[in-house]
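The block underneath contains the structure these notes are about, expressed in structure tokens.
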Amino acid sequence: MKDLISVIIPVYKMEKFIEKCLESICNSSYKNLQIICVDDGSPDNSVQLIRNIQQHDDRIVVVKNAQNLGLFRARVEGLKVAKGEFVAFVDADDFVGVDWFRLLHQKITQENSEMVVGNTVNVDENMRYTYFNNYRSFNVAREKLQGDEVAQAFLQQEGSCFLWHTVWNKLYRRSLLDRCLPYFSQIDFHLIMCEDVLFSSVVYAQAKSMSFAYADAYFYLRHSQASTSTTLPFERILRNIADAGNAFRFFKTFFLQIKPKIFLENQRHYVNFLEKYRRIWSGVVVSYGKTHDNEALNTLEQAFGSRKVEKPHLHEFYFYEHSTEWSGELERAKQLIALPDTEVVSFDIFDTLLLRPLYSPVDLYKFVGKFAATLVPSMTEETFVDMRMIADAKAREIAGERLRFEDITLAETYKCLEKIADIDFQTAQSIMQAEIEVEKRFCYPRNTAKQLFQLAKHLNKRIVVTSDMYLERDTVENLLVSNGYDGYERLFLSSEQRKLKRTGSLFDVMIKQMGVPAWKIVHIGDNWESDIVAAKQKGISTFHLPKATMTMENKFANIFTGNSLSFYLSRNNTLAEQTQLTKDLSVRCMLGVVANKLFDNPFVPFNEQSQYNADAYHTGYATLGMHMFALAKWMLHTAQQKGYKKIVFLARDGLLAKQVFDLVAQSTGVQIETEYFFASRKALLPYSVEKAQDLFFTYGYFNLNKKVHTGRKILQLLSPVLLPLTDKLAADYKQDGVDIDEYITDKAQFMSFMRAVAKHSFDIETCNNARTQMRRLFQQHFTENCATFDIGYSGKLQKIICKLADRKVDVFYLHSNGYTTQEVAQNLFETHCFYDFTPTISAIIREFFISKKQPACIGYEVGDTLKPIFEDRTFAYDETYAIERFQQGALDFCKDFLKAFPEATSMPLRNLDASLPFENYLLNAPYMDREVFDTALEEDDIYSGYQQKSICDIWSWHIDDINHAGKGQQPVQCSSVEYYISRFPKWKRAMFFLLFDRKTFWQKLKKNLSRKKH
């Protein structure tokens, strides 16, 4: 704790809050603080309250401004007197968790970053604590940003998520802020609103690195006196709008000066950032009924360059749409450890300090059994597990009845195993040593417990480890130290003391040997009976840290964690015997990895309207990860059997599949070349045409049941193999009675149009030249013994690839269309399908979750190489955030699973068993979990005809369609707004329609009255 942290607190009219704020900082576990309170001309009693506290804590410094300078300049004045190597900011109406500064300091020094961001918890005036679901896991598994990545990230988020630009949720290196100070000092005007945007624009432009800490918490208080309150006088609103304008003008000018290249490359993001704030503040003007107020319009124009007044977009506040009660249990544990009366902190070992990536401890015996089977020919993995458990029970029986011992050693268990398995001493010892090695291999620290352990160590508490444990002391010490648990004073093991926690006897030994009263000891563990009930009976203070797998299974009444595994854990009258699924070792290991990652901290209560907590990263890790691993494993084995030397993953479906495949192949040492190749129906459609007659067979690529395609659009799509559409050619079509701007909506009309195309636009020389060039280039990518990966499923795209590559190119599909695909394939290629059936949720929904969110390839620039041409489309930050986090979660699962089980590719695994969590999610995700993707827009202007349609709407329509199937009903098609408000009570829905859609209101009222008459 050598580094000094300067904590800067601007104070203006904060007498109601300043004491709680200072109390939280003064009681922080990180003691080496300089607490700078900046009196910004506060007219109330705030400063006197600070002085009162200062008398008891000389770390507090008071800086007095001659006049009220505003929040921004008050922070700068505090920075001028800061002496710390690190700097933090706390608003006077907020407060911090007891371990907040230590955790941020730990992260920033570990990664040698210039700033680090932690977790925010919202607090209302009734002291109700909540977190926003959409970014609860924002800081989970984020890699450190370096160099220009920092400034780019700030611009690219477009102001969508305030975690990026709020000042107070971060810790900064003083050296970074020193570089910023000259620019901060240029602000000579009073600034309250958007001061954080201005501050952050300077910091992000100057920062060379940034880290992310999943650390609770900065407590952000929302109250009526805040500058962001919706009850302010309108004059204050106008000042806030003017402030925002000043902040953004400085933002732009500064970035152009310091990072011109980065700014110009990301200028559209800045424009979207500014436009977002314009919509928000114009929406405030609307809410005050000042739509035609000249002063308001002039202020908006001066601030944002436009007098346009409108309400914010439907999902303008996407990141804040759902909130859930935050649990203070972990904070309570930290406070319990930090109490002056707490002298000794005791920890359990397995499932508390250490985790194993297993669904049950018994699964460990199966890995030992693999080794045992190599020594004892008559023994199998399963028989070893049975005999190992019988030996354990027998050893306990002997120890209890003959020796009056409460617990046993591992050696005693293996002595019994000698007789039960009829093996010699040396063989038993070899298997026992193998079990010890498996324990060492699998154990890794539980982050939540390690955080508590390190806190106790940081506070110079006496730490002991107290555990019901059959392993020997040397083994346990090795396990603890190798996983970062050093500095404990004593180790109390039941195998050594021959006494158990469960009976309370081991606690008696611990209390006696530590020489302190029981009430000055805190014990932390996962087992309710052994660690909590038995310890409390001895007068010890306790903290229950629930087991990760049990938390995942939603087994604790006071912690709701969803029922997403119910299909694994119970019978649901389905075709498969689902309770057998968790008996498969591969699935059990997968579930163990999922539980340990996502429920390491068990105190993240789920929203009860959700099964996956509306958390994209969590959901991707828990569902898509297992599916993608099984897919990659299957592909690798099939590729080896077929002798493929290369797999080409077609964009955009194939990027995640390629990333996981590369991980799996690398883990086995198999050398198979992979490539990510941009292809699409739109880009390859023209090359399906070799002769005029082929024009008529392209109808299968188009949806002719909707008004999607005009003749002109079809000509554009086929243009590489046709003559250019000149005015003269258009006139020729017209002379033949063909209107190329008319929609083509049935097969007969399509065939008639294609006759005209064959007559007027098709030219065999143009077609041959285009195909010859493409063939030359495709052969460079699709080489001998090559296969492709595509989600699927019709085979039409693959047929074109084979024709252009002029060779057989087999394909991996998630699934096919059965006979239709085989008919298309003929003898051109072989299909390998992960599923031998068509899943219920398929097509665009499945593609969305697996595909990279990037502009589609719409054609090629043909030269010495093949350069893809992309559609002119950009994506907003909140449009891609959820799917990127979802896919990152899936990729992280595969990395974690392979790290824990390098042999995973050789472990038996049925494709569907591993894929059930993902399939269940697609089919049964509650609306709140689907709504996470409501800002993600999909389009398919070739077949489906979707134009910028919300994936949530499409998905919900599919689920409605399935739920209504067989009931003689049609799914109700409705808009995002209708889906959004459908969760509201009837009276609230009525008010919405009355205010914003009166036509619908009167229609619904009329319909309701009519229903009552009948």
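In numbering that gives the first Met the number 0, the protein residues as written are 0 to 1013. By construction, the Cβ of each residue, glycine as well, lies at the ideal position given by its N, Cα and C atoms.
Contact between residue 634 and residue 913 fails: their C-beta atoms lie close to 13 Å from each other, not under 8 Å. By the neighbour-count criterion, in which a residue is buried when 16 or more other Cβ atoms sit within 10 angstroms of its Cβ, residue 38 is buried. When secondary structure is reduced to three states using DSSP, residue 609 falls in the coil class, being assigned neither helix nor strand. Under the DSSP definition of a beta bridge, residue 510 lacks any partner. From the listed residues 308, 864, 321 and 204, the smallest Cα separation to residue 676 is found for 864.
Closest by C-alpha distance to residue 613, out of 928, 300 and 82, is 928. When the alpha-carbon of residue 31 is set against those of 104, 91 and 76, the nearest one is in 104.
The shortest CA-to-CA distance from residue 137 to any of 881, 242 and 925 is the one to 881. Residue 837 and residue 672 have their C-alpha atoms some 29 Å from each other. Per DSSP, the continuous alpha helix (DSSP H) segment holding residue 479 begins and ends at 472-481. The DSSP-derived three-state label of residue 489 is strand. The residues 746 and 749, in chain order, have a CB closer than 7 Å to that of residue 698 in the same chain once the five nearest residues on each side in sequence are set aside. Straight across, the Cα-Cα distance linking residue 93 with residue 936 is about 37 Å.
Here DSSP, grouped into helix, strand and coil, assigns residue 397 to helix.
Measuring C-alpha to C-alpha distances from residue 4 to each of 24, 579 and 373 identifies 24 as the nearest. Per DSSP, residue 317 lies in no beta strand (DSSP E) segment and is marked neither H nor E. One Cα belongs to residue 832, the other to residue 910, and the distance between them is close to 11 Å. By the 16-neighbour rule on beta-carbons within 10 angstroms, residue 955 is buried. Between residue 887 and residue 140 a beta carbon distance of about 7 Å is seen, short of the 8 Å cut, so the two are scored as contacting.
When the Cα atoms are used, residue 817 and residue 715 turn out to be separated by approximately 32 Å. With contacts defined by Cβ atoms closer than 9 Å, residue 849 and residue 655 form a contacting pair.
Closest in C-alpha terms to residue 40, from the list 59, 29, 22 and 9, comes 9. Inclusion of residue 644 and residue 783 in the CB contact set at 9 Å is warranted, their separation being smaller than that value. With distances taken between CA atoms, residue 170 lies nearest to 87 out of 129, 87 and 194. Approximately 6 Å separates the beta-carbon atoms of residue 172 and residue 85; this is inside 8 Å, confirming the contact. Note that the C-beta distance between residue 857 and residue 682 is below 9 Å. Between residue 208 and residue 145, the CB-CB gap stays under 9 Å.
Contact check for residue 405 against residue 341 fails: the beta carbons are separated by 9 Å or more. For residue 119, the enclosing beta strand (DSSP E) covers residues 119-122.
Between residue 236 and residue 287 the beta-carbon gap is near 7 Å, inside 8 Å, which marks them as a contact.
Measuring C-alpha to C-alpha distances from residue 539 to each of 531, 545 and 47 identifies 531 as the nearest. Annotation for residue 17: 10, 45, 48, 49 and 91 place their beta carbon closer than 7 Å to its own, counting only its chain and skipping 5 residues before and after. A direct Cα-to-Cα measurement between residue 918 and residue 586 gives close to 15 Å. The C-beta distance from residue 620 to residue 420 rounds to 40 Å, too long to fall under 8 Å, and the pair is not in contact. Secondary structure note for residue 637: its alpha helix (DSSP H) is the uninterrupted segment 624-641. For the pair residue 808 and residue 777, the Cα-to-Cα distance works out to about 11 Å.
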